[in-house]
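Peer 1: Residue numbers (my numbering): 190 to 414.
We treat Cβ as the ideally placed atom computed from N, Cα and C, and that holds for glycine.
Predicted, not measured: the structure shown is a model, and the values here were computed from it.
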Amino acid sequence: MRIDIISAVPELLDGPVNQSILKRAADKGLAEIIVHNLRDYGQGPYRQIDDKIYGGSAGMVLMVEPVSNCINDLKKERNYDDIVYMTPDGETFNQSVANQMSLQQNLVLLCGHYKGIDQRIRDHIITKEISIGDFVLTGGELAAAMIADAVVRLLPGVISDETSALTDSFQDGLLAPPIYTRPAEINGWKVPDVLLSGHFAEIEKWNDEMALKRTEERRPDLLSD
Ligand code: ADE
């Protein structure tokens, strides 16, 4: 899978792309995450990428040309399944959207900055708009990093324990059950007996029950959908 991230502040993506699971996936040849500096497509001697809003509102807007030139260059090299714009008024990202995106080959993630981007980019170039929640970030970079992480960790082979992505919270519509490690008792705090029993069927039943209980307590909305 290849993810091209377009940003006016590419430095914000240095950590996630060069340190995290994304780097591990890249090292294994399972994902390629390329960050593009929108400023490279800026206009004039100052490499302008933004301008004032028509109609007098305060703030700056990313202009059509730098964004479309950058995306056109990318499209010359390969076909993209989606050109995604990070925006608080997009479709809310969740595990099901992550699963769908992980099945795609090539994605562009466009990070907004300032007040946002010229609506014509959204109307004519963007194919999908994603929000990571009902709050406003300063730019789309942290949202793009989060999405790339959630999607890339689902690719087969990226996480060393093959089954672990499948047992994540949300993957079966439920939160994950509680988990424990050694020692079996510390400060009088005990690991539930069933987990020490070695009885696989009982353990699985307990995990299922606890996942349901936790979901009922914390996220009953997940059960009513
Ligand atoms: N850019 C600014 N806020 C955002 C959000 N909540 N989700 C995605 N991109 C954003």
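Measuring straight from C-alpha to C-alpha, what distance separates E200 and V340?
Peer 2: Here residue 200 refers to the residue found at position 11 when the sequence shown is read from its first residue. Here residue 340 refers to the residue found at position 151 when the sequence shown is read from its first residue. Their Cα atoms are separated by approximately 21 Å.
Peer 1: Please report the distance separating the alpha-carbon of N396 from that of E405.
Peer 2: In the sequence shown, the residue the question calls residue 396 occupies position 207. In the sequence shown, the residue the question calls residue 405 occupies position 216. N396 and E405: Cα-Cα distance of roughly 14 Å.
Peer 1: Give me the DSSP bridge partner(s) of V273.
Peer 2: Taking the first residue of the sequence shown as position 1, residue 273 is located at position 84. According to DSSP, V273 bridges with L298 and K317.
Peer 1: Give me, in chain order, the residues of the same chain whose beta-carbon lies closer than 8 Å to that of H225; leave out the 5 immediate sequence neighbours on both sides.
Peer 2: Sequence index remark: in the sequence shown, residue 225 carries index 36 (1-based). These residues qualify, in order along the chain: D193, I194, I195, S196, P199, C259 and L263.
Peer 1: Where do the ends of the alpha helix (DSSP H) carrying L331 lie?
Peer 2: Reading the sequence shown from its first residue, position 142 is the one you call residue 331. Segment E330 to V341, the alpha helix (DSSP H) holding L331.
Peer 1: Going by C-alpha distance, which of D338, G305 and R311 is nearest L326?
Peer 2: Position 137 of the sequence shown, counting from 1, holds the residue named residue 326. Out of D338, G305 and R311, G305 has the C-alpha closest to the C-alpha of L326.
Peer 1: Could you say if the segment 203-222 and the segment 239-249 meet the contact criterion of at least three C-beta pairs nearer than 8 Å?
Peer 2: no
Peer 1: Which residues have their C-beta within less than 6 Å of a heavy atom of the ligand ADE, listed in chain order?
Peer 2: M275, T276, P277, G301, S320, I321, G322, F324, V325, L326, G329 and A332
Peer 1: Excluding sequence positions up to five away, which residues of its chain have a Cβ less than 7 Å from the Cβ of D307?
Peer 2: Sequence index remark: in the sequence shown, residue 307 carries index 118 (1-based). The answer, listed in chain order, is V250, L251, M252 and V253.
Peer 1: Determine the direct distance from the alpha carbon of L384 to that of L135, and round the result to whole angstroms.
Peer 2: Residue 135 cannot be examined here, being either before or after the span of the chain that is shown, 190 to 414.
Peer 1: Which of the three DSSP states is assigned to V256 in this structure?
Peer 2: Sequence index remark: in the sequence shown, residue 256 carries index 67 (1-based). If DSSP states are grouped into helix, strand and coil, V256 belongs with the helices.
Peer 1: Could you check the C-alpha separation between Y235 and D312 for me, to the nearest Å?
Peer 2: Here residue 235 refers to the residue found at position 46 of the sequence shown. Here residue 312 refers to the residue found at position 123 of the sequence shown. Between Y235 and D312, the C-alpha separation is close to 27 Å.
Peer 1: Does the Cβ-Cβ distance between D270 and N288 come in under 9 Å?
Peer 2: Mapped onto the sequence shown, residue 270 falls at position 81. Mapped onto the sequence shown, residue 288 falls at position 99. With contacts defined as CB atoms closer than 9 Å, D270 and N288 fail to qualify as a contacting pair.
Peer 1: Among V286, T316 and E393, which has the Cα closest to the Cα of F359?
Peer 2: Stepping through the sequence shown from its first residue, residue 359 is reached at position 170. Here the closest residue by C-alpha is V286.
Peer 1: Checking 9 Å against the spacing of the C-beta atoms, do I314 and I375 come in under that value?
Peer 2: As a position in the sequence shown, residue 314 is number 125, starting the count at 1. As a position in the sequence shown, residue 375 is number 186, starting the count at 1. Cβ distance not < 9 Å, so I314 and I375 don't count as in contact.
Peer 1: Distance check for G328 and C300, CA to CA, integer angstroms please.
Peer 2: Start at 1 with the first residue of the sequence shown, and residue 300 comes out as number 111. Start at 1 with the first residue of the sequence shown, and residue 328 comes out as number 139. Just so you know, the alpha carbons of C300 and G328 end up roughly 6 Å apart.
Peer 1: Using CA coordinates, which residue listed in G346, S320 and A215 is at the minimum distance from Q284?
Peer 2: Sequence index remark: in the sequence shown, residue 284 carries index 95 (1-based). Out of G346, S320 and A215, S320 has the C-alpha closest to the C-alpha of Q284.
Peer 1: Select from L211, M275, D216 and E398 the residue whose C-alpha is nearest the C-alpha of K317.
Peer 2: For the purposes of this step, residue 317 is identified with residue 128 of the sequence shown, where counting begins at 1. That would be M275, whose Cα lies nearest to the Cα of K317.
Peer 1: Does the distance from the C-beta atom of P277 to that of D323 stay below 9 Å?
Peer 2: In the sequence shown, counting from the first residue as 1, residue 277 sits at position 88. In the sequence shown, counting from the first residue as 1, residue 323 sits at position 134. Yes.
Peer 1: Please classify F282 as buried or exposed, where buried requires at least 16 neighbouring CB atoms within 10 angstroms.
Peer 2: To locate residue 282, count along the sequence shown from 1; it is residue 93. When all chains shown are included, F282 counts as buried.
Peer 1: Excluding the 5 residues preceding and the 5 following M335 in the sequence, name in chain order all residues of the same chain whose CB lies nearer than 6 Å to its CB.
Peer 2: Taking the sequence shown and counting its residues from 1, one reaches residue 335 at position 146. Only I321 meet the Cβ criterion.
Peer 1: Determine the contact status of L202 and A332, defining contact as a CB-CB distance below 9 Å.
Peer 2: The sequence position of residue 202 within the sequence shown is 13, counting from 1. The sequence position of residue 332 within the sequence shown is 143, counting from 1. Going by C-beta atoms, L202 is not nearer than 9 Å to A332.
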